[in-house]
Amino acid sequence: MPVPVTPLTSAHAHNDYEHARPLLDALDNGFCSVEADVFLVEGKLLVAHERNRVRPERTLQALYLEPLRQHAKKNNGRIYPNSPVSILLLIDIKTDAAATYPVLRTVLDQYRDILTEFGPDTTRPGAVTAVLSGGRPPLASFAAEKKRLSAYDGRPGDLDGGASPSVMPLVSESWEALSSWWGAPGVPLPDADLRKVQEIIRRAHQKGYRVRFWAIPDTPVVWRTMRDLGVDLINTDDLPGLRRFLTTPPPVPAAP
7 MPVPVTPLTS AHAHNDYEHA RPLLDALDNG FCSVEADVFL VEGKLLVAHE RNRVRPERTL
67 QALYLEPLRQ HAKKNNGRIY PNSPVSILLL IDIKTDAAAT YPVLRTVLDQ YRDILTEFGP
127 DTTRPGAVTA VLSGGRPPLA SFAAEKKRLS AYDGRPGDLD GGASPSVMPL VSESWEALSS
187 WWGAPGVPLP DADLRKVQEI IRRAHQKGYR VRFWAIPDTP VVWRTMRDLG VDLINTDDLP
247 GLRRFLTTPP PVPAAP
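Every number in the numbering used here is 6 more than the matching position in the sequence shown, counting from 1.
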């Protein structure tokens with residue numbers, strides 16, 4: 007019997023669709039957050055990194071929503087059989103939000119059985135929580151919707167907007183906008199950059215939001231820094247590397 011996978015709640019698969027087996031490689035490594043870039047093309051939501059690389063069979067439904075539904079059916083409403091954690095599906099909208107969001111909303115409605123549903127007073131947890139990133143609709147109009155099957159990936163500029171965590175559970179920023187530090191051996195994160203990062207994390211956590219930085223270097227030094235700072239989702243393209251890092255106990259300091 008195969009050993010159950012340990013869900014890693016801080017592991018985020020950046021550009022997950024570029025792996026050999028989209029979604030499945032991430033789940034095999036215990037990831038609890040995956041990212042899919044989508045383009046609206048002839049009425050379909052196609053998953054790709056660039057518009058000229060879309061393929062008609064690689065829809066959001068085929069690569070993510072349908073396989074997630076099958077996992078939930080197989081595991082009594084859960085993605086991981088040994089954990090009730092809701093998988094975060096970060097949908098990065100690459101085409102015009104005004105045209106794309108209505109189509110996305112219609113698609114998500116077909117998967118209501120597995121998705122977290124957000125209402126004005128209550129949230130019904132689902133096996134999967136969809137979060138919109140990239141070309142999102144305006145936050146104010148999104149928050150005004152009475153019922154939603156998705157939440158909002160905010161930016162540091164949204165921290166003072168008063169959105170509840172049920173509307174905006176996540177705040178993300180490009181690492182390159184904050185620091186040029188790439189984790190070179192023996193070179194610490196500069197103090198000025200450290201203070202900027204800590205302030206974003208402090209303000210976000212104070213309001214109940216999780217934090218993610220994209221475009222971080224894929225090295226254990228940087229992963230350790232993210233973990234020590236309290237970053238909630240560690241962004242990576244190296245799925246097995248981050249899994250090994252998160253599941254390997256830190257070395258015990260030598261006795262004096």
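Just so you know, even glycine gets a beta-carbon here, dropped at the ideal spot from N, CA and C.
Could you tell me the boundaries of the alpha helix (DSSP H) in which residue 106 lies?
-> In the sequence shown, counting from the first residue as 1, residue 106 sits at position 100. From DSSP, the alpha helix (DSSP H) with residue 106 extends over 103-115.
In chain order, what residues of the same chain lie with their CB nearer than 6 Å to the CB of residue 71, ignoring the 5 residues before and after it?
-> Position 65 of the sequence shown, counted from the start, is the residue given in the question as residue 71. Taken in chain order, the residues that qualify are 117.
Collapsed DSSP secondary structure at residue 218 in the structure displayed | For the purposes of this step, residue 218 is taken as residue 212 along the sequence shown, with counting starting at 1. Three-state DSSP puts residue 218 in a strand.
In chain order, what residues of the same chain have a beta carbon less than 8 Å from the beta carbon of residue 73, not counting five sequence neighbours either side?
-> By 1-based counting over the sequence shown, the position of residue 73 is 67. Cβ within range, chain order: 29, 30.
Same chain, Cβ closer than 7 Å to residue 91, neighbours up to 5 away in sequence not counted = On the sequence shown, residue 91 is found 85 positions in, with the first residue counted as 1. Once the five neighbours on either side are set aside, the close Cβ partners of residue 91 are 13, 15, 38.
Where are the alpha helix (DSSP H) runs, 4 residues long or more, that stay fully inside the stretch 34-85, in chain order?
-> 72-80
Buried or exposed for residue 106, please, with buried defined as at least 16 other CB atoms from any protein chain shown within 10 angstroms of its CB.
-> Taking the first residue of the sequence shown as 1, we reach residue 106 at position 100. Flag for residue 106 reads buried.
Does DSSP put residue 7 in a helix, a strand or coil?
-> Taking the sequence shown and counting its residues from 1, one reaches residue 7 at position 1. Because the pLDDT of residue 7 is 49, which lies under 50, any placement of that residue in the model is unreliable, and the question is left without a value.
Would you kindly report the start and end of the unbroken alpha helix (DSSP H) that includes residue 244?
-> By 1-based counting over the sequence shown, the position of residue 244 is 238. Here residue 244 belongs to no alpha helix (DSSP H), and DSSP marks it neither H nor E.
Close-in-space but distant-in-sequence residues of the same chain around residue 193 (CB under 8 Å, 5 per side omitted) = As a first step, residue 193 must be located in the sequence shown, where it is residue number 187. 187.
Nearest-angstrom Cα separation, counted from residue 50 out to residue 243 | Within the sequence shown, residue 243 is the residue found at index 237, counting from 1. Within the sequence shown, residue 50 is the residue found at index 44, counting from 1. Those two C-alpha atoms are separated by around 26 Å.
Sub-9 Å separation of residue 135 and residue 175 beta-carbons = Within the sequence shown, numbered from 1, the residue matching residue 135 stands at position 129. Within the sequence shown, numbered from 1, the residue matching residue 175 stands at position 169. Yes. Within cutoff.
Residue 57 CB to nearest heavy atom of the ligand FMN below 8 Å = Looking for the ligand FMN in the displayed structure turns up nothing, as the structure carries no ligands at all.
Span of the beta strand (DSSP E), counted from its first residue to its last, around residue 231 = Working through the sequence shown from its first residue, we reach residue 231 at position 225. Not the beta strand (DSSP E): residue 231 falls in the alpha helix (DSSP H), residues 226-235.
Go ahead and pull the three-state DSSP assignment for residue 18.
-> As a position in the sequence shown, residue 18 is number 12, starting the count at 1. Residue 18 falls in the strand class under three-state DSSP.
If you draw a straight line from the C-alpha of residue 75 to the C-alpha of residue 81, how long is it?
-> On the sequence shown, position 69 is the one that residue 75 refers to. On the sequence shown, position 75 is the one that residue 81 refers to. Each residue's Cα considered, the two are about 10 Å apart.
Would you mind working out which of 156, 44, 132 sits nearest residue 102, comparing C-alpha positions?
-> Position 96 of the sequence shown, counted from the first residue, corresponds to residue 102. The residue with the shortest Cα to Cα distance from residue 102 is 44.
Can you name, in chain order, every residue of its own chain whose Cβ lies under 8 Å from the Cβ of residue 215, other than the five neighbours on each side?
-> Position 209 of the sequence shown holds residue 215. Result list for residue 215: 160, 165, 171, 174, 175, 176, 177, in chain order.
Express the C-alpha separation of residue 62 and residue 27 in angstroms, rounding to a whole number.
-> Taking the first residue of the sequence shown as position 1, residue 27 is located at position 21. Taking the first residue of the sequence shown as position 1, residue 62 is located at position 56. Taking the straight line from one Cα to the other gives about 17 Å.
So, is residue 100 buried or exposed, given that buried needs 16 or more other C-beta atoms within 10 angstroms?
-> Taking the sequence shown and counting its residues from 1, the one referred to as residue 100 is at position 94. Looking at its Cβ environment, which holds 16 or more other Cβ atoms inside 10 Å, residue 100 is buried.
Cβ shell of residue 185 (< 8 Å), same chain only, five flanking positions each side left out | In the sequence shown, the residue the question calls residue 185 occupies position 179. Closer than 8 Å at the Cβ level, and outside the excluded window around residue 185, lie 195, 196, 199, 202, 203.
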